[in-house]
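Sequential numbering of the sequence shown, starting at 360, is according to the working numbering. For glycine and all other residues, C-beta sits at the position ideal for the given N, C-alpha and C. Here the structure is a predicted model, which is why all the values come from computation and not from measurement. Here the structure comes first, spelled out in C-alpha cells, and everything after it is commentary.
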Amino acid sequence: MNDITVHDKTFQLFLSETEIQTAINRIGQQITVDYKGRTPLFIGVLNGAFMFCSDLMKAVDVSCEITFVRLSSYTGTKSTGEVRTIMSLQEEVAGRDIILVEDIVDTGLTMQKALKYFHTLNPNSVEIASLLVKPDALQCELDVKYRGFDIPEKFVVGYGLDYDGYGRNFKDIYQLKLDQV
Ligand code: 5GP
Numbered sequence: 360m361n362d363i364t365v366h367d368k369t370f371q372l373f374l375s376e377t378e379i380q381t382a383i384n385r386i387g388q389q390i391t392v393d394y395k396g397r398t399p400l401f402i403g404v405l406n407g408a409f410m411f412c413s414d415l416m417k418a419v420d421v422s423c424e425i426t427f428v429r430l431s432s433y434t435g436t437k438s439t440g441e442v443r444t445i446m447s448l449q450e451e452v453a454g455r456d457i458i459l460v461e462d463i464v465d466t467g468l469t470m471q472k473a474l475k476y477f478h479t480l481n482p483n484s485v486e487i488a489s490l491l492v493k494p495d496a497l498q499c500e501l502d503v504k505y506r507g508f509d510i511p512e513k514f515v516v517g518y519g520l521d522y523d524g525y526g527r528n529f530k531d532i533y534q535l536k537l538d539q540v
C-alpha cells in the first residue's frame with residue numbers, strides 16, 4: 360500500500376499532495392508579503408522544479424514573471440558534486456528581484472553555483488525558494504529563504520523529482536524504501 364516502483368527501486372509515500380500544497384501556499388503567502396510593490400522574476404530550475412514553479416506562481420499574489428534555466432548535478436540516485444551547464448536566459452536580469460525556484464537542495468552546490476552566476480548579472484536581489492532541503496547533506500553555506508520541508512538525507516521522487524527520468528508525474532513525494540540504497 361502506498362508504495363511505488365520506478366525502474367528497479369521501490370519507494371514509499373513520504374509527503375502527500377495535501378501536505379505539499381499546504382507548504383506551497385505558506386511560501387506563496389510569504390513571498391506575497393515580502394515582494395509587495397515589486398515585480399519579481401521567478402527562475403525555475405529545470406527539469407525538477409517545473410511542478411513546484413507552476414503551483415508556487417498560483418500561490419503568489421504579486422505581479423511577476425517566470426522563466427527557466429537548466430542545471431544538472433545528478434546521475435541515478437547520487438549527486439556527482441559537479442554542476443553542468445547553465446542554459447542562458449533571454450530575460451534581462453539586471454536590476455530585477457530574482458527568486459530561484461528549485462525542487463530540492465541536497466549538497467547545495469547547484470544553488471551555490473547558480474547564485475554566483477546570477478550575481479554577476481547585477482540583479483537587485485536574489486533569493487532561493489526550494490520545496491525540499493536536506494540540511495544534513497549540505498556541503499556549503501546556503502541561505503534558502505523560502506523552503507517547504509527540511510527532509511532526511513534519503514532519495515525522493517515524485518512531484519517533478521525523477522529517478523533517471525521517471526517518476527516526475529506523481530502528485531505526492533515518495534522516499535526510497537529503507538532496505539535500498
Ligand atoms: P545539489 O547540487 O544540491 O546536490 O543537488 C540539487 C539537484 O540534485 C536537485 O535539483 C535535484 O535535481 C537533484 N537531487 C538532489 N536530491 C535529490 C533527491 O532526493 N531526489 C531527486 N529526484 N533528485 C535529487
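Judged by DSSP secondary structure, Ala473 falls within the alpha helix (DSSP H) whose first and last residues are 468-478. DSSP links Ser484 through a beta bridge to Asp456. Within the same chain, and ignoring the five residues on either side of Ala453 in sequence, the residues whose Cβ sits closer than 8 Å to its Cβ are Leu480, Asn481, Pro482. A direct Cα-to-Cα measurement between Gln498 and Gly467 gives close to 6 Å. By alpha-carbon distance to Ser375, the top candidate from Tyr525, Phe508, Asp523, Leu448 is Phe508. Per DSSP, Glu450 is not a residue of any alpha helix (DSSP H), being assigned neither H nor E. Taken from the Cβ of Gly403, every heavy atom of the ligand 5GP lies 6 Å or farther away.
Note that the C-beta distance between Val485 and Phe477 is below 7 Å.
Of the candidates Gln534, Tyr533, Leu535, Arg527, the residue whose Cα lies closest to the Cα of Phe409 is Arg527.
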